[in-house]
Structure formats: structure tokens, C-alpha cells
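Position 790 of the sequence shown, counted from 1, bears residue number 790 in the UniProt record's numbering, the numbering being contiguous throughout.
Idealized CB from N, CA, C, for every residue including glycine.
In this text, all values refer to a predicted model and were calculated from it rather than measured experimentally.
What follows is a short report on a single structure.
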Amino acid sequence: MIIDSVSDSKGSVSEQKSKRTSLVGLIFSWSLNDVFNNNLFKDKVRKIPKTFTSLEDYFSSYTFPLIEETRADMCSALESFAHAPFVQVISMEDSMPIKLTYRVVVADSTQSTSNPGRAETYTPKDADIFVLSEFKPKHLSELTRNQSSYVIASVLSAGENDTLPPNHMIIKASRSVVVEKDRETKRLKKPLFAVFLMNMTTSTRIWKSLDLESTLERNTSIIEMVFSYRSADAEGRNKSSSSVVRRSFEDFAIADTDLHNFGLNESQLNAAQACISSRQNRDVSINLIWGPPGTGKTKTISALLWTMLAKKCRTLACAPTNTAVVEVASRLLRQFRESSWGRSCRVGDMVLFGNKDRMKIDDDLSDVFLERRVKRLLTCFVPVTGWKHCLDSMADLLENAVSQYQRYLTAKEDKKEQTIKMTFMEYVVSMYNRRATNLRECINILSAHLPTASTSLENFKHMNQVLELLKIIRKLLYSEDTDEGKLEAIFESTTEVECPSIVSFTDLLCFMEGNQESTLNLQVARCFCLQKLKFLSKNLNLPNIYDRRSIEDFILQRANTVLCTACSSFRLQNVKMEGDPLELLVVDEAGQLKECESLIPLQIKGIKHAIFIGDEYQLPALVKSETSDKADFGRSLFERLSSLGHEKQLLSVQYRMHPSISKFPNSNFYNSKISDGPNVLSKEYERKYLPDQMYGAYSFINIEHGKEGKDKYGRSLKNMIEVAVVVQILKKLFKASVTIGRKLSVGVISPYTAQVKAIQEKLGRIYEMYDGFSVKVKSVDGFQGGEEDVIIISTVRCNSSGSVGFLSNAQRTNVALTRAKHCLWVLGNGPTLTKSESIWQKLVDDAKNRGCFFNANEDKDLADAVIKAFVELDELDNLLNMDSLHISRPRQKNFNRASGAVSGPSSSRNRTKLKH
């Protein structure tokens, strides 16, 4: 039995849960045959319903699809075994107290000697799964030849944290590992390699979130609303929601004028207000904001988050990917810095955390990134040199400078040093500058990075005033009117200066501005600064925590707005919040998030309201297992609730695409509900990068004699004729961009990874050196959320049967068609796509009806590129012998087969249109 806990989808769920093992434990129990058996869980995976009878029914519906998806991930990784990153194991100790647990040291992955000739080396991370192999990975048969030697391991802790040195890790193995070691060096006698397969972080966290018997302090109040939602509830709830919104709009006219500062359009404003209304009028609420491409989802989210920040509503903002979270954080931070009406909020109230490598945090975002914030605050928390030390040492100098100077002189005499002794003024200025620098740095860090909830606003005010006083005192110390005798007299004074008119800091500044006597000003500033320092020393006490993890918790416990991926939010399950708990969950790109993964943030203690922003007509979550995919494992909560009739607030104006580009997706995916914004309707938005009619705002460029084929691994498709056309169009665009001096960003999209790689290889790094011309070549998934001036789509498929495979996926098509701002050019084989009976048939027909259908051979440069590509494929004879040849070959005096160059006159009239 592979899984004791859930071996029967029927029967008692509680009985199953009591026996539940870890997901990694299940993987360890699988043989290689199990992993490669696509039918292993086929009979146990059930279609995930849209409605559920209980919380147990809801959670258990995802259990077997998750297990099957994990098996598929494992299978996919093993199939790529020969090309997997690996690193050599140097030593392996089994002295750990837990069975099958080892301490391992691996070679330095930054040195190519452990992984010669490979672009990617393996650096172990927590929750990685890898194979322990005696051979460098060359072929999967190395494992399948002797399945008894198949050993996999999970990384419990890697040398990426404070507990282990670099290149060290603690692992748990699937079976006992016997190794021979050199007695002196303790190094392995025989080679052993760790070959990376996959990381289990996300799957493990989903698994734990689905376990009702786990020790997690889960919040089920909003989960109960999620799973119990019914189609029958929709009408009543929607009416109730509408009435709440109508009542609240009048209230918001005064209370939420903040939203109007963001320049939101009517649909964006209505969506934001409806969400705020639900929070104010309901104990628990879920809101859906429907954001088609280019309609300002991120802008709406940042407006919502900023409003919640200003209202002191503790909010968790999530997204499926690091890229999406970083975009939201960047927009929110920019909004904060540009705002002149958010004085009650601080940068320290916002915190972003997650994988620093994948997030690619820049200098700007470092102000809110948890890891860097911890590093900065650590300098203030350290007792010997930190905040308390800086405060007290400065206060001591201002109060006891004379006695300190006397000790300095005594020390000099005792040591009988021959160096010139500093005068009192020199001593004070020297000590003051040093201590003021340290104190100023500490105050700047605390002012920027302490959450408002960690101390009183009064303390923040006093810190800012101390900064001003430090500048004033320094200026007065260097004043010409301040001599040695006067300075010593000032610092000998132990009584405060009597100035009844000085009550506040503003009074002090006014007094000093009107008083020309620098000695008196210095005396007053010294006394006032001492008061502030003593106040802060008494009232702003930082906790006695010096390790990074404790400071992380300190920040997360008090931050108002927390940003991370849905998966990373699992970290918050074990954080006990100070004061009010996190109340609101906001999820961006919600259509891309598996429903079971959305349960991770939804279960965080305190969450009562959730806002999901997405579009079910764009890419869903990636699911590798065909069995799990058919069971709707990749379906999002946004999509399920939408299908049940849950009200969605539509963002109805798009600001990205030229109207010629938006026309087809708007009609076919959004029932023409989206209008074009005034910016894209203006004449200035139209761009003509190339002169021919073929290169207008929207074109389908027919490449009749393309040639689809598989890559060398037989997994993905490519079409080298289309590659040649793409490369030629890019050459033309580059030349035009340089000639007219206009910056231009181009995106090349293909649904097939082999085509993406083929185009990338042809281009090399040729355009990377030019600032004004950028080219990105990615899969459809890689372009989700992106936009470029010009988008070129390479559809690849070219066959007589009309087979287009997963190209027919409407969501993938929608994403590809909605990335362009000014020009969209679709390359493909018209007859193949027309026969496909898919969305692509509609697209080809639409292009013809709109006069946007062109043959590639209508452009001489493209015709020559096609012929040259056939020469490189050594298939020119096949091209020339085609009876239905429609490529208009230029009349030629000479043809060089080696180079594919054509010379001689050509006629633009010599073209034959595609026969329909």
C-alpha cells in the first residue's frame, strides 16, 4: 500500500487523517515503476466538485489530485535526469539522532570542477528532493538498470541559513546509504553525486494546509464561506452586496475621498469602494475583481492597499508568483513616496518577504524587503553598539563633557604619552561628531524600518527632532562666536536655561532664529536635546533580541501591510501578531492560483475579508498531470466562485492595446464588455514602425510552407521557417528603430519551448548591447502580466490535418494576443489553423474579414529568408517541387545554394494569394 492514510477515497476521513504521513514520506515509498506509472492514482483521483458538503469533504477533494500531481512532477524531473543540475558529495555522516538522517558536505557549486561543461550547477536548498547517484547524470538508464540502488533524499536544512556552514546540509534519505570514507580526511572514497529533481516547498505547505488534524492554528471562518458557497446563494448575496454598495457610496463621498487621489476610472473606483464597503458591513466577506488585460488591476490593488494602510487595516497581499508580488510592492511603495497625505503611515508599516534570488530585489525595494530590513535593524538591536548605547553615549557627552575631558587628560598623563593633547573644544567636537554620526544612523534606520505599531508616534516625533537638534548643535560648535572658555562654561552648567517662551520644538526654532547670541543658542539646544534623549531612553526600548529569526518575527508581528507569495504566507501561520491580527487578504493574479494553494493564506488567523483580483480567461495554474488536470486541480477559487454566479466587479476600460489589437480578444473572450481608453483611441497612440501594410497595428502573416518538427528530445515542437521569418522581421525593426532614433521594445511569443529556444539561439546576444532596442523571447506563460510595444507570435503548427494540440487552449491564446501595445503580428500557417476548429480558426477568419491577412511572400525580405531557411535545412528541392508553391521566388540570374542568397530582379506583382 503506497499511502496508508488516504488509500481509500471512501470511508472515514478522520480515520484517514489519523494515519496521514508526510508528502515526502509518500515519495520515499514509491519505486521507480510507481513514479513512471501514469495510472498509479488514476482510480483514486476524483473530479473536484464545484460545491462541497463539509469542510472535510472540501479538503479531502484535493488530497489525491495533489499526490498525483507530485508524482507527475517527479516523473517529469526524472525524465530530464540526464540534463539535471548536480553537485558532488564530499562527505556524508550518519551520526544524526534521527533514523536515515545524514549530515552532508558537497563541493562548492560555484566551482565548475564539480560540474564541468554544464551551464547550471546545483546549490542545495531547503525542501529540495534529489537523487543520490554514483554517476554523473548522463542517462536515465543509469537509475533504471539497478532499481535497488535508487535512493532519493530530502534536504531538511541547507547551508543557506545561520545554522549551517556553506556547502553543508542535513538530509533525510529514502533508505540507508552505505559509503566508504577515508579514515584521515573523512572524504568519500568513491564518487557520489546529488542530482536535483524538484523542490517540495509549495506542495508540502498545501499538504499541511489540507490536514485538518495538523497542529496549525488555522482560521476556518472564511474557509467555511468559501466551501459552502452555492449557485442558489449567488442571487441573494449579489442583491445584498449591491444594496450595501449603494448605501455605502454616499458614506464614502466624505470618508474615502482618498481613493479619488489615485486617478481611478469609474469601474476601478466602484470595485475598490465595493470591497471597502464589504469590510465595513460584514463579519466575513469575499470580493472578486475581474481584471481583463490592460484594465489597471495593479493600479486598483495599490489604491486599495494604500487606503487600507491609511485606515490601519492590517492586510496581507499575495500573488502566485514572486514577479507579481514584486510588481504590487513596487507600485505600493511608489504610491507611498509620491503621496503627500499619508503622514500617519511609514515605510516600516510595509514589509515584503520571500525568496531573494527569485524576487530580484533592487535598491528601491530593499527598503521594504524583510531580509534587508532585519540586517539594518540588527545594528540597532545589538546592545553594545546599538540604539541604547548611541542614545546614552550622546546624552552622557552633552551632560558630562567636562568630567569626560578631565578623565581624558588624566589618562594621557598616566600613560605619559608625548602626543599633543586636545583642547576642550577639540575634544568635544571630536567626540560629538563620532557619537552624532552613530546616533543619526541609528535614528534613520529606526525611523524608516520600525513599524508604527512598535512604538508611539510621539517617539517617532522625538527622534526626528533629535536629528534636527544634532545638526543645530554641530553648526553652533563650529560657530566663530563659540570659543574655548564659553564652551566650557556652557558644558559646566548643570541647570536648564530658563526660557518660558520655549514650550515646543517649534518655539525653540523660533527663539534661535530671533536670537543672535550663538552661546545662548547652544546652551538652549544642548538642554533641549538632553531632554529629548532622556525621553527616548525611557520610552523607546527595543526588545532584547539579537538573532535574525526573532527580529523577523518582531517586524511581521507589527507590520500593517505584508506582501509575499501565497505559498510564502505559510510562514505567518507561526507568527503571533501583536495587537489586531491580519484582517484582510488581497490576492493578485488570482486566476493563476490553484484553489488549494489559496487555502494557505486564507487559513491565517484573523483573516475575515478576502479580495481576489484576476481573470479566469487568462492562464490558469500549471498542472503537469493529465489526470489531475482533468480533475480540475488547477482551477482557481476565483474561477469556481465565478462559475457559481458570485458577483464580480469588472474593470471595464483597457489602456494597453491599440483598438485594432483589442478588438478580437474583447469580442471572443469578454463579450465586448471592455471599452478602449482615451489614450489608445488617440491618434498619437498609433505607431508605424515599418512601411508596408503588412506591418500595421494588427496582422496575420501566413507562412504557407512552414515545417513543424520535434526538438532533439522529442518533447516540444519548433518550426525553423517561422524562426527565419521572426529573425528577419526583427532585423527590419532594428534598422527602423536605429534610423529614426525611436526606442522600441519587442516581445516574441511562442507556445512551444523548443521554438523559444530556437529563436533565442538564432538571435544570440545581438540586440543586448543596444539600449534603445530590446527583444524578449519567451513562452506564453513567461509573458503573463507583461507588455511590449510590438509582439510577434510564432504559432509553429503546420500540418495537413489541422492539428494544433495545446495551442488550442483559449486562455493561453488570450494571454498571447493581449501583450502588445501598438503592434501585434501573428505568424502561422493559415490552412492548418483554419482546419483546427479552435479559437485560431476564428482568428484567421477575423483577420481575413478585416483585411489584415497577408502572405509572408508579399515581403521580398521574408521570401528570401524563407528560401534561405529551406537551404539551411537542405530541403530546397522539396520547396521547388511543390505543386502548390505560392512563394513568389524572385526571378534570378544566380542562386547560391551555400549561402541561400538570391540575386537578380524581382517583381512585386509576381505573387499568388493563398487559395481558399
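Below 8 Å on the Cβ atoms is my guess for L477 versus Y432; work out the distance and round it to an integer in Å. The distance from the Cβ of L477 to that of Y432 is about 6 Å, consistent with a contact at the 8 Å cut-off.
Handout entry: Reduced DSSP secondary structure (H/G/I, E/B, other) of D855
Key = The displayed chain sequence assigns Asn, not Asp, to residue 855. DSSP places N855 within a strand segment (E or B) once states are collapsed to three.
Q) What residues in its chain sit with their C-beta under 7 Å from that of S737, if we drop five residues either side in the sequence? A) Scanning its chain for C-beta atoms nearer than 7 Å, with the 5 sequence neighbours on each side dropped, one finds around S737 the residues L744, G772 and F773, in chain order.
Do you know how far the Cα of Q273 is from the Cα of F252?
-> Residue placement at F252 cannot be trusted, given a pLDDT of 40 that sits under 50; what the coordinates show is reported in the next sentence. Whole-angstrom Cα-Cα distance: 8 Å.
- [ ] Could you tell me which residues DSSP pairs with R103 in its beta bridges?
- [x] DSSP lists E93 and I170 as partners of R103.
S660 versus D846 - alpha carbon distance
One C-alpha to the other measures close to 11 Å.
- Message: Would you call the region 72-89 in contact with the region 185-196, where contact means no fewer than 3 C-beta pairs closer than 8 Å?
- Response: Counting C-beta pairs with one atom in each stretch, the region 72-89 and the region 185-196 have three or more that are closer than 8 Å, which means they touch.
Worksheet item: Does the beta-carbon of M769 have 16 or more other beta-carbons within 10 angstroms, so that it is buried, or is it exposed?
Response: Exposed.
| said: Spatial neighbours of I254 within its chain, please: C-beta separation below 6 Å, excluding the five flanking residues on both sides. | reply: Low confidence applies here, because I254 scores a pLDDT of 33, under 50, leaving its location unreliable and the question unanswered by this model.
Checklist entry - Relative to the C-alpha of S60, which residue among G296, D94 and L210 is closest? => result Ranking G296, D94 and L210 by Cα distance to S60 puts L210 first.
Classify A274 as helix, strand or coil using the three-state DSSP reduction. Correct three-state label for A274: helix.
Using the rule of at least 16 other Cβ atoms within 10 Å of the residue's Cβ for burial, across every protein chain shown, is R346 buried or exposed?
With 16 or more Cβ atoms within 10 Å of its Cβ, R346 is classed as buried.
Check your understanding: Would you report the Cα separation of A590 and E180, rounded to the nearest angstrom?
Key -> A590 and E180 have their alpha carbons spaced roughly 51 Å apart.
Taking 8 Å as the threshold, find out whether the region 614-625 comes into contact with the region 562-574 through three or more Cβ pairs.
Judged by Cβ distances under 8 Å, the region 614-625 makes no contact with the region 562-574, as fewer than three pairs qualify.
_If distances are taken between C-alpha atoms only, which option among F52, R558, E69 and I48 comes closest to L40?_
Nearest neighbour of L40 by Cα position, chosen from F52, R558, E69 and I48, turns out to be E69.
Q. According to the Cβ coordinates, are V402 and E492 closer than 8 Å?
A. Going by C-beta atoms, V402 is nearer than 8 Å to E492.
Are three or more beta carbon pairs between the region 787-796 and the region 815-828 nearer than 8 Å? The answer is yes - the region 815-828 touches the region 787-796, with three or more Cβ pairs under 8 Å.
Given P691 as reference, the closest of S662, V725, V723 and L733 once Cα atoms are compared: With distances taken between CA atoms, P691 lies nearest to L733 out of S662, V725, V723 and L733.
Worksheet entry | Segment limits, alpha helix (DSSP H) that includes M431 | Segment F424 to H449, the alpha helix (DSSP H) holding M431.
| task | Could I get the ranges of all uninterrupted alpha helix (DSSP H) runs contained in the region 708-793, with 4 residues as the minimum, in chain order? | result | The qualifying runs are 720-740, 753-763 and 780-783.
Touching by the beta-carbon criterion (3+ pairs, under 8 Å), the region 676-685 and the region 711-726
Flag = no, the region 676-685 and the region 711-726 do not touch.
query = Under the rule that 16 or more other beta-carbon atoms within 10 Å means buried, what is V384, buried or exposed?
reply = The residue is exposed, with fewer than 16 neighbouring Cβ atoms inside 10 Å.
Just to confirm before moving on: does the CB-CB distance between G348 and H462 stay below 8 Å?
By the CB criterion at 8 Å, G348 and H462 fall outside the cutoff.
For D484 versus M425, is the C-beta distance shorter than 8 Å? One point to set straight first is that residue 484 is Glu, not Asp, in the sequence displayed. Closer than 8 Å, so yes.
List the residues that DSSP assigns as beta-bridge partners of K181. Its beta-bridge partners are L188.
TODO: Please determine if the region 407-420 and the region 363-380 are in contact, where contact requires at least 3 C-beta pairs separated by less than 8 Å.
DONE: Counting C-beta pairs with one atom in each stretch, the region 407-420 and the region 363-380 have fewer than three that are closer than 8 Å, which means they do not touch.
Distance check for H658 and T300, CA to CA, integer angstroms please. Going by the C-alpha atoms only, they are around 22 Å apart.
message: Less than 8 Å between the C-beta atoms of I604 and L316, yes or no?
response: Taking 8 Å as the Cβ cut-off, I604 and L316 qualify as a contacting pair.
query = Which same chain residues, not among the five before or five after N459, have their C-beta less than 7 Å away from its C-beta?
reply = Hits under 7 Å: L536, N539 and L540.
In this structure, how does DSSP classify Y698 when only helix, strand and coil are distinguished? If DSSP states are grouped into helix, strand and coil, Y698 belongs with the strands.
*asked:* Using a 10 Å radius around the Cβ and a threshold of 16 neighbouring Cβ atoms, would you call G386 buried or exposed?
replied: Buried: at least 16 other Cβ atoms inside 10 Å.
Residue from I48, K778, Y698 and R440 with nearest C-alpha to P665
With distances taken between Cα atoms, P665 lies closest to Y698.
Could you round the C-beta distance between C567 and T307 to whole angstroms and report it? I think they count as a contact, below 8 Å. In this structure C567 is not in contact with T307, their Cβ atoms being roughly 26 Å apart against a cut-off of 8 Å.
Note to self: Taking only three categories from DSSP, how would you classify M350?
What the structure shows: Three-state result, M350: strand.
Next item on the list: Quick one: grab the DSSP three-state call for G805.
Entry: Correct three-state label for G805: helix.
For the alpha helix (DSSP H) holding D396, just list the boundary residues, first then last.
Counting along the chain, the alpha helix (DSSP H) containing D396 begins and ends at W387 to K415.
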